[in-house]
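S.K.:
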Ligand SMILES: [Zn+2]
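Numbering (this note's numbering), first residue to last: 48 to 117.
1. Where do the ends of the alpha helix (DSSP H) carrying residue 97 lie?
2. For a test of the three-state rule: what should DSSP assign to residue 111, helix, strand or coil?
3. Output needed for residue 104: all residues of its chain with C-beta closer than 6 Å, excluding positions within five of it in sequence on either side, in chain order.
4. Check this for me: beta carbons of residue 120 and residue 93, under 8 Å apart or not?
5. Can you name the residues that DSSP bridges to residue 91?
6. Excluding the 5 residues flanking residue 57 on each side, which residues of the same chain have their C-beta closer than 6 Å to its C-beta?
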């Protein structure tokens with residue numbers, strides 16, 4: 048019996064060794080998110096965004112924060 052190679056589609060030429068796989072993955076890692084503190088209330092906020100606690104950005108009230116969001 049002869050196997051029809053077209054059934055399998057494209058496959059890697061050979062298995063990637065444990066070492067090659069691990070060496071490739073040395074560049075893959077999670078990084079901690081960048082955070083800053085609000086200049087108005089001191090809460091931890093994402094940079095270049097209005098504060099989610101008080102709504103201030105660059106010393107001015109950029110958005111209104113309602114009671115439910117606090
Ligand atoms: Zn704030």
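Glycine included, C-beta positions come from ideal geometry on N, C-alpha and C.
M.R.: Taking the coordinates as given:
1. Within the chain shown, residue 97 is the residue found at index 50, counting from 1. No alpha helix (DSSP H) holds residue 97; DSSP gives it neither H nor E.
2. Counting from 1 along the chain shown, the entry for residue 111 is found at position 64. Residue 111 falls in the coil class under three-state DSSP.
3. Translated into the one-based positions of the chain shown, residue 104 becomes position 57. 97, listed in sequence order.
4. An answer regarding residue 120 cannot be provided, because it is not within the stretch 48 to 117 covered by the chain.
5. Stepping through the chain shown from its first residue, residue 91 is reached at position 44. Residue 91 is bridged to 84.
6. In the chain shown, the residue the question calls residue 57 occupies position 10. Closer than 6 Å at Cβ, skipping near neighbours: no residue.
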